[in-house]
Amino acid sequence: MNITTTDTRVDWITNSNGVRKSIVIIGDFRITLTQRRRGGGWTAADRREFDQTTRVFGAIDALVPEFAADEPFQGIAIPFKPEGAQDKMRASVWNAWKRATTAEAANRLVMLLDKLSGMEGISVPEDAIASVKFSQKAGCTMCPCSPGFVLGDRVRSNQDNENGPVDMWIENWANEAIEANLAEA
16 MNITTTDTRV DWITNSNGVR KSIVIIGDFR ITLTQRRRGG GWTAADRREF
66 DQTTRVFGAI DALVPEFAAD EPFQGIAIPF KPEGAQDKMR ASVWNAWKRA
116 TTAEAANRLV MLLDKLSGME GISVPEDAIA SVKFSQKAGC TMCPCSPGFV
166 LGDRVRSNQD NENGPVDMWI ENWANEAIEA NLAEA
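Residue numbers (this note's numbering): 16 to 200.
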């Protein structure tokens, strides 16, 4: 895992839907910053979504792959409310793994955010770095379908001089794969 590198850069791409994104390369990591949507016809839900603090997705798989590979009981469903002795034991082991994994991912995410904060065109407030919390419902408050980290403040990207809040997706790719993907974008 290469976070401490000085090899960094920011690219701006527009996808096929016309959505402009910031692609930040820090060592082995590709971070996609996607601005929250703006536009007419705002509803209360749109306003709440826009005002949320930054969410970070993919951090566990990208930042602690050695922990993710060691996840206990892969392929075995652990009940939400375990009742039997075996289910309780599995839930206890899995919860201990989850606490250790999310704590280490949070530590590595803070290092990555610190590196990101020094890049031109990207604003990472100190409060965003000071409060990094894992949430099973980071992307969707209705269900645990999109777990991720919730930062203590909004990260902003100054693409097109809009300086809007962004959400982040982190991927750990070999540099060749990153270059190939940017060339396709």
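All residues carry an ideal CB built from backbone N, CA and C; glycine is no exception.
Beta-carbon proximity check, residue i vs residue j, cutoff 7 Å
i: LEU127; j: VAL139; result: no
i: GLY179; j: GLN67; result: no
i: VAL181; j: ARG70; result: no
i: ALA77; j: ASN187; result: yes
i: ILE38; j: THR47; result: yes
i: ALA118; j: VAL79; result: no
i: ASP129; j: GLY167; result: no
i: MET183; j: VAL25; result: no
i: GLY154; j: SER146; result: no
i: ALA83; j: ILE75; result: yes
Nearest-angstrom Cβ-Cβ length linking residue i and residue j, presumed shorter than 8 Å
i: ILE205; j: GLY73; result: Within the shown structure, residues of the chain are numbered from 16 to 200, placing residue 205 beyond reach of any answer.
i: LYS152; j: PRO159; result: 6 Å
Exposure label - residue i; buried when at least 16 CB within 10 Å
i: SER31; result: exposed
i: ILE91; result: exposed
i: ALA115; result: exposed
i: GLY163; result: buried
i: LYS36; result: buried
i: THR19; result: Below a pLDDT of 50, predicted positions are generally treated as unreliable, and THR19, at 49, falls in that range; no measurement from the model is reported.
i: MET157; result: exposed
i: PHE95; result: exposed
i: ALA195; result: Interpretation of ALA195 is limited by its pLDDT of 49, a score under 50 that renders its predicted location unreliable; the figure taken from the coordinates is listed afterwards. ALA195 is exposed by the Cβ-count criterion.
i: ALA192; result: A caution first: ALA192 carries a pLDDT of 49, below 50, which makes its placement in the model unreliable, though a value can still be read off. With fewer than 16 Cβ atoms within 10 Å of its Cβ, ALA192 is classed as exposed.
In DSSP terms, what residue i is bridged to
i: THR47; result: ILE38, TRP184
i: ILE137; result: SER172
i: VAL79; result: The partner list for VAL79 (beta bridge, DSSP) is empty, contrary to what the question assumes.
i: LEU166; result: VAL147
i: PHE72; result: TRP184
i: GLY179; result: SER172
Discussion item. Tell me whether the region 109 to 123 and the region 80 to 91 touch, counting them as touching only if at least three CB pairs, one residue from each stretch, are closer than 8 Å.
Written reply: Touching, yes.
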